[in-house]
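One structure below.
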Amino acid sequence: MYRTLFLSLFILCLSACKKDYYDFPDAKVNIFLYPNNAQYANLNPLGGWVYIEGGVNGVLVFHDFLDNYIAYDRACTHEPSNPCERIIVENDNSTLACECCESKFFLYDGSVTHGPAQYALKRYNTSFDGVVLSIYN
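Next comes the structure, spelled out in structure tokens:
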């Protein structure tokens, strides 16, 4: 009896967790930037940002106000495989918006502020040694 009950609960838990699974397209990212180069002049000041090639639909690199670099995939999480679903930085410089579905995201953590997207932006790892900015997954 207990064995059957345990097995039933175990299967129920597995099936319940599956609906929360989000499958973002896989893209290998291993990018090296030199923020001090003129090409990335917009990235140097705190609050600066640039778009670069890479990821699923491009990468947005942001230099936050704590002197850290944040990198997001530009693919909107609503339909990331759709090339139209690409985020841009809005004029207020704190909001990101999808050009297609009009979802909005908070620049500082990638969280959704307005749907239809339900998931935060895909964030890549970054490290900066004072000369080279590495963006990777």
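Per this note's numbering, the very first residue in the sequence shown carries number 1; after that it's consecutive. Heads up, the beta-carbon is just placed ideally off N, CA and C, and yes, glycines get one too.
Give me the Cβ distance between residue i and residue j, rounded to the nearest whole Å; I'm assuming they're in contact under 8 angstroms.
{"i": "residue 38", "j": "residue 55", "result": "Incorrect: roughly 24 angstroms between the Cβ atoms, too far for contact."}
{"i": "residue 69", "j": "residue 60", "result": "In fact, because the Cβ distance is near 11 angstroms, the residues do not count as touching under 8 angstroms."}
In the DSSP assignment, find the beta strand (DSSP E) that holds residue i and state where it starts and stops.
{"i": "residue 95", "result": "95-98"}
{"i": "residue 123", "result": "123-128"}
{"i": "residue 113", "result": "112-114"}
{"i": "residue 71", "result": "69-73"}
{"i": "residue 134", "result": "133-136"}
{"i": "residue 104", "result": "104-106"}
Does residue i pass the burial test, meaning 16 or more other C-beta atoms within 10 Å, or should it be called exposed?
{"i": "residue 32", "result": "exposed"}
{"i": "residue 57", "result": "buried"}
{"i": "residue 5", "result": "Its pLDDT being 49, under 50, residue 5 is placed unreliably in this model, and the value from its coordinates should be taken loosely. Counting Cβ neighbours within 10 Å, residue 5 comes out exposed, since fewer than 16 surround it."}
{"i": "residue 117", "result": "buried"}
{"i": "residue 110", "result": "buried"}
{"i": "residue 105", "result": "buried"}
{"i": "residue 122", "result": "buried"}
{"i": "residue 46", "result": "exposed"}
{"i": "residue 136", "result": "exposed"}
{"i": "residue 133", "result": "buried"}
{"i": "residue 127", "result": "exposed"}
{"i": "residue 87", "result": "buried"}
{"i": "residue 85", "result": "buried"}
Residue i by DSSP, collapsed to three states: which one?
{"i": "residue 37", "result": "coil"}
{"i": "residue 82", "result": "coil"}
{"i": "residue 42", "result": "helix"}
{"i": "residue 29", "result": "coil"}
{"i": "residue 120", "result": "coil"}
Inset, instruction - State whether the segment 71-89 contacts the segment 97-106, with contact taken as three or more CB pairs (one from each stretch) at a distance under 8 angstroms. - result: Yes, they touch.
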